[in-house]
Amino acid sequence: MSPIRLSGYVILAMVLALAQAVMVQAEPVQYENTELVDLHLRSVSMQSPRFEAVDLRNAAFERSSFKYGKFDRCKFADVVLADTVLSNCTLNSFTFDRPLFYRGMIKDGRFEGVELRNLSFMQCNLSNVQIRQAEADALHWFYVGGRDWRIERVELRDLRAEYLQAPRGRWDRCTFDSGSFSRPSFVSASFDHADFSRATVRNSDLSNMRIENCDIRGLKINGVDIERLLRDAGR
6 MSPIRLSGYV ILAMVLALAQ AVMVQAEPVQ YENTELVDLH LRSVSMQSPR FEAVDLRNAA
66 FERSSFKYGK FDRCKFADVV LADTVLSNCT LNSFTFDRPL FYRGMIKDGR FEGVELRNLS
126 FMQCNLSNVQ IRQAEADALH WFYVGGRDWR IERVELRDLR AEYLQAPRGR WDRCTFDSGS
186 FSRPSFVSAS FDHADFSRAT VRNSDLSNMR IENCDIRGLK INGVDIERLL RDAGR
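Residue 240, in this note's numbering, is where the sequence shown stops; the numbers in between run on with no holes.
What follows is the structure, encoded as C-alpha coordinates:
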(Lines of atoms letter the chains of each structure in order from A and count residues from 1; the text may use other names and numbers.)
(Lines give C-alpha, C1' and ligand atoms only; values in the text may rest on other atoms or scores of the structure.)
Protein backbone atom coordinates (compact mmCIF):
# COMPACT_ATOMS: atom_id res chain seq x y z
CA MET A 1 0.00 0.00 0.00
CA SER A 2 1.33 3.45 -0.90
CA PRO A 3 1.59 5.92 1.96
CA ILE A 4 -1.16 8.50 2.37
CA ARG A 5 0.15 12.04 1.85
CA LEU A 6 -1.45 14.97 3.63
CA SER A 7 -0.16 18.53 3.39
CA GLY A 8 -0.91 22.22 3.77
CA TYR A 9 -4.49 23.43 4.15
CA VAL A 10 -5.81 19.97 3.30
CA ILE A 11 -4.89 18.81 6.80
CA LEU A 12 -5.87 21.98 8.68
CA ALA A 13 -9.26 20.65 9.77
CA MET A 14 -7.69 17.34 10.69
CA VAL A 15 -5.04 19.05 12.81
CA LEU A 16 -7.62 21.11 14.69
CA ALA A 17 -9.73 18.03 15.32
CA LEU A 18 -6.66 16.12 16.44
CA ALA A 19 -5.60 18.83 18.86
CA GLN A 20 -9.09 19.09 20.32
CA ALA A 21 -9.45 15.33 20.69
CA VAL A 22 -6.05 15.02 22.34
CA MET A 23 -6.70 17.88 24.75
CA VAL A 24 -9.72 16.04 26.15
CA GLN A 25 -7.85 12.71 26.28
CA ALA A 26 -9.98 10.85 23.75
CA GLU A 27 -8.89 7.55 22.23
CA PRO A 28 -5.09 7.22 21.82
CA VAL A 29 -3.84 8.81 18.60
CA GLN A 30 -2.62 6.33 16.00
CA TYR A 31 -1.08 6.96 12.58
CA GLU A 32 0.06 4.21 10.24
CA ASN A 33 1.67 4.30 6.79
CA THR A 34 1.08 8.04 6.54
CA GLU A 35 2.98 11.10 5.32
CA LEU A 36 2.37 14.34 7.23
CA VAL A 37 3.74 17.64 5.91
CA ASP A 38 3.67 21.24 7.20
CA LEU A 39 2.24 20.64 10.68
CA HIS A 40 2.35 23.20 13.49
CA LEU A 41 0.76 22.14 16.79
CA ARG A 42 0.74 23.99 20.11
CA SER A 43 -0.16 22.87 23.63
CA VAL A 44 -1.01 19.33 22.54
CA SER A 45 -0.89 16.46 25.03
CA MET A 46 -0.82 12.92 23.66
CA GLN A 47 -1.27 9.89 25.90
CA SER A 48 -0.03 6.57 24.46
CA PRO A 49 0.18 7.76 20.83
CA ARG A 50 1.24 5.20 18.22
CA PHE A 51 3.08 6.16 15.03
CA GLU A 52 4.02 3.38 12.60
CA ALA A 53 5.71 3.95 9.23
CA VAL A 54 4.96 7.68 9.44
CA ASP A 55 6.94 10.25 7.43
CA LEU A 56 6.70 13.65 9.16
CA ARG A 57 8.33 16.65 7.45
CA ASN A 58 8.53 20.37 8.11
CA ALA A 59 6.66 20.22 11.42
CA ALA A 60 6.74 22.10 14.72
CA PHE A 61 5.43 21.19 18.16
CA GLU A 62 5.34 23.81 20.93
CA ARG A 63 4.57 23.34 24.63
CA SER A 64 3.40 19.79 23.95
CA SER A 65 3.65 16.47 25.74
CA PHE A 66 3.97 12.89 24.49
CA LYS A 67 3.69 10.17 27.14
CA TYR A 68 4.01 6.40 26.72
CA GLY A 69 4.30 6.91 22.98
CA LYS A 70 5.61 4.35 20.52
CA PHE A 71 7.24 5.28 17.21
CA ASP A 72 8.13 2.41 14.83
CA ARG A 73 9.86 2.74 11.44
CA CYS A 74 9.20 6.49 11.30
CA LYS A 75 11.14 9.32 9.70
CA PHE A 76 11.00 12.88 11.03
CA ALA A 77 12.72 15.55 8.91
CA ASP A 78 13.00 19.28 9.65
CA VAL A 79 10.98 18.94 12.84
CA VAL A 80 11.14 21.45 15.71
CA LEU A 81 10.20 20.44 19.27
CA ALA A 82 10.08 23.51 21.53
CA ASP A 83 9.24 23.32 25.25
CA THR A 84 8.05 19.78 24.56
CA VAL A 85 8.28 16.69 26.78
CA LEU A 86 8.78 13.08 25.68
CA SER A 87 8.11 10.81 28.65
CA ASN A 88 8.34 7.02 28.73
CA CYS A 89 8.46 6.92 24.93
CA THR A 90 9.98 4.19 22.75
CA LEU A 91 11.52 4.81 19.32
CA ASN A 92 12.41 1.78 17.16
CA SER A 93 14.07 1.81 13.71
CA PHE A 94 13.60 5.57 13.69
CA THR A 95 15.24 8.29 11.58
CA PHE A 96 15.64 11.91 12.74
CA ASP A 97 16.95 14.25 10.01
CA ARG A 98 17.74 17.91 10.80
CA PRO A 99 15.49 18.21 13.87
CA LEU A 100 15.81 20.83 16.61
CA PHE A 101 14.88 20.00 20.20
CA TYR A 102 14.71 23.26 22.16
CA ARG A 103 14.11 23.67 25.91
CA GLY A 104 12.56 20.22 26.01
CA MET A 105 12.75 17.16 28.23
CA ILE A 106 13.17 13.47 27.46
CA LYS A 107 12.56 11.29 30.51
CA ASP A 108 12.70 7.51 30.79
CA GLY A 109 12.93 7.23 27.01
CA ARG A 110 14.27 4.36 24.95
CA PHE A 111 15.80 4.73 21.48
CA GLU A 112 16.78 1.52 19.67
CA GLY A 113 18.07 1.08 16.14
CA VAL A 114 17.71 4.81 15.42
CA GLU A 115 19.54 7.02 12.93
CA LEU A 116 20.14 10.64 13.91
CA ARG A 117 21.41 13.20 11.39
CA ASN A 118 22.10 16.86 12.13
CA LEU A 119 20.15 16.61 15.38
CA SER A 120 20.44 19.59 17.74
CA PHE A 121 19.56 19.63 21.44
CA MET A 122 19.54 23.11 23.01
CA GLN A 123 18.87 23.78 26.70
CA CYS A 124 17.35 20.34 27.19
CA ASN A 125 17.13 17.84 30.01
CA LEU A 126 17.57 14.13 29.32
CA SER A 127 17.14 11.83 32.32
CA ASN A 128 17.32 8.05 32.46
CA VAL A 129 17.51 7.83 28.67
CA GLN A 130 18.61 4.63 26.92
CA ILE A 131 20.05 4.68 23.40
CA ARG A 132 21.08 1.34 21.83
CA GLN A 133 22.48 0.35 18.45
CA ALA A 134 22.20 3.79 16.91
CA GLU A 135 24.13 5.96 14.47
CA ALA A 136 24.44 9.72 14.81
CA ASP A 137 25.96 12.14 12.31
CA ALA A 138 26.64 15.78 13.20
CA LEU A 139 24.91 15.56 16.58
CA HIS A 140 24.96 18.88 18.45
CA TRP A 141 24.34 19.26 22.19
CA PHE A 142 24.18 22.74 23.72
CA TYR A 143 23.48 23.19 27.45
CA VAL A 144 22.08 19.67 27.79
CA GLY A 145 21.82 18.00 31.16
CA GLY A 146 20.63 14.71 32.55
CA ARG A 147 21.51 11.85 34.85
CA ASP A 148 21.80 8.10 34.54
CA TRP A 149 22.08 7.90 30.77
CA ARG A 150 22.68 4.49 29.20
CA ILE A 151 24.31 4.76 25.78
CA GLU A 152 25.18 1.38 24.21
CA ARG A 153 26.67 0.48 20.82
CA VAL A 154 26.16 3.98 19.42
CA GLU A 155 28.37 5.41 16.69
CA LEU A 156 28.77 9.17 17.08
CA ARG A 157 30.38 10.96 14.13
CA ASP A 158 31.32 14.64 14.24
CA LEU A 159 29.71 15.09 17.64
CA ARG A 160 29.82 18.62 19.03
CA ALA A 161 28.81 19.04 22.67
CA GLU A 162 29.04 22.23 24.72
CA TYR A 163 28.20 22.42 28.43
CA LEU A 164 27.03 18.80 28.47
CA GLN A 165 26.12 17.67 32.00
CA ALA A 166 25.93 13.87 32.11
CA PRO A 167 26.79 12.58 35.60
CA ARG A 168 26.54 8.86 36.29
CA GLY A 169 26.10 8.12 32.60
CA ARG A 170 27.15 4.77 31.13
CA TRP A 171 28.69 4.68 27.67
CA ASP A 172 29.27 1.07 26.53
CA ARG A 173 30.91 0.09 23.22
CA CYS A 174 30.42 3.55 21.73
CA THR A 175 32.48 5.17 18.99
CA PHE A 176 33.37 8.86 19.17
CA ASP A 177 34.72 9.73 15.71
CA SER A 178 36.03 13.30 15.61
CA GLY A 179 33.92 14.21 18.63
CA SER A 180 34.39 17.48 20.50
CA PHE A 181 33.33 18.08 24.12
CA SER A 182 33.65 21.60 25.52
CA ARG A 183 33.10 22.17 29.26
CA PRO A 184 31.39 18.81 29.86
CA SER A 185 30.75 17.18 33.23
CA PHE A 186 31.21 13.41 33.35
CA VAL A 187 31.24 13.09 37.14
CA SER A 188 31.03 9.40 38.11
CA ALA A 189 30.41 8.45 34.47
CA SER A 190 31.82 5.25 32.98
CA PHE A 191 33.13 4.39 29.51
CA ASP A 192 33.61 0.72 28.65
CA HIS A 193 35.03 -0.62 25.35
CA ALA A 194 34.66 2.83 23.77
CA ASP A 195 36.59 4.09 20.74
CA PHE A 196 37.77 7.69 21.14
CA SER A 197 39.19 8.13 17.62
CA ARG A 198 40.28 11.76 17.30
CA ALA A 199 38.02 12.89 20.14
CA THR A 200 38.75 16.10 22.03
CA VAL A 201 37.66 17.09 25.54
CA ARG A 202 38.26 20.63 26.84
CA ASN A 203 37.70 22.35 30.19
CA SER A 204 36.09 19.27 31.68
CA ASP A 205 35.08 17.93 35.08
CA LEU A 206 36.06 14.26 35.05
CA SER A 207 35.81 13.59 38.78
CA ASN A 208 35.50 9.85 39.51
CA MET A 209 35.11 9.10 35.81
CA ARG A 210 36.03 5.53 34.83
CA ILE A 211 37.51 4.46 31.47
CA GLU A 212 38.03 0.73 30.91
CA ASN A 213 39.05 -1.35 27.88
CA CYS A 214 38.86 1.70 25.60
CA ASP A 215 40.76 2.69 22.46
CA ILE A 216 42.24 6.08 23.36
CA ARG A 217 44.33 6.66 20.24
CA GLY A 218 43.94 10.30 19.32
CA LEU A 219 42.04 11.22 22.50
CA LYS A 220 42.99 14.63 23.87
CA ILE A 221 41.80 15.97 27.21
CA ASN A 222 42.54 19.62 27.96
CA GLY A 223 45.17 19.61 25.23
CA VAL A 224 46.98 16.51 26.53
CA ASP A 225 47.39 13.45 24.31
CA ILE A 226 46.25 10.72 26.71
CA GLU A 227 47.85 7.84 24.80
CA ARG A 228 51.23 9.59 24.84
CA LEU A 229 50.82 10.51 28.50
CA LEU A 230 50.21 6.89 29.49
CA ARG A 231 53.00 5.64 27.24
CA ASP A 232 55.45 8.06 28.83
CA ALA A 233 54.26 6.90 32.24
CA GLY A 234 55.05 3.30 31.25
CA ARG A 235 51.46 2.02 31.19
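The beta-carbon is built from N, C-alpha and C at its ideal position, and this holds for glycine as well.
Since the model is a prediction, treat every value here as computed from it, not as a measurement.
Between the C-alpha atoms of aspartate 60 and asparagine 38 there is a straight-line separation of about 8 Å. Close CB contacts of tyrosine 168 within its chain, under the 6 Å cut and outside five residues either way in sequence, are with Tyr148, Arg188 (chain order). Here glycine 184 is buried. Its C-beta has 16 or more other C-beta atoms within 10 Å. The C-beta separation of phenylalanine 181 from alanine 199 comes to about 7 Å, placing the pair in contact by the 8 Å criterion. By the neighbour-count criterion, in which 16 or more other beta carbons inside 10 Å mark a residue as buried, alanine 238 falls on the exposed side.
Each of Tyr107, Asp142, Gln138 was checked against the Cα of arginine 122, and the nearest Cα belongs to Asp142. Here DSSP, grouped into helix, strand and coil, assigns leucine 91 to strand. Per DSSP, reduced to three states, the secondary structure at leucine 41 is strand.
In the three-state reduction of the DSSP assignment, isoleucine 231 falls in the helix class, which pools H, G and I. Membership of arginine 162 in the beta strand (DSSP E) is indicated by the continuous run 155-162. Annotation for methionine 51: the continuous beta strand (DSSP E) segment containing it runs 50-52. Considering only Ile226, Gly74, Val159, Tyr107, the residue with the shortest C-alpha distance to arginine 203 is Ile226. In the structure shown, aspartate 142 adopts extended strand secondary structure according to DSSP, grouped into three states. Within the DSSP secondary-structure output, glycine 184 pairs in no beta bridge.
Glutamine 128 and asparagine 213 have their C-alpha atoms spaced approximately 25 Å apart. The beta carbon of valine 90 is closer than 6 Å to those of Ser70, Met110 in its chain, skipping five residues each way along the sequence. Within 10 angstroms of the beta-carbon of glycine 228 lie fewer than 16 other beta-carbons, which makes it exposed.
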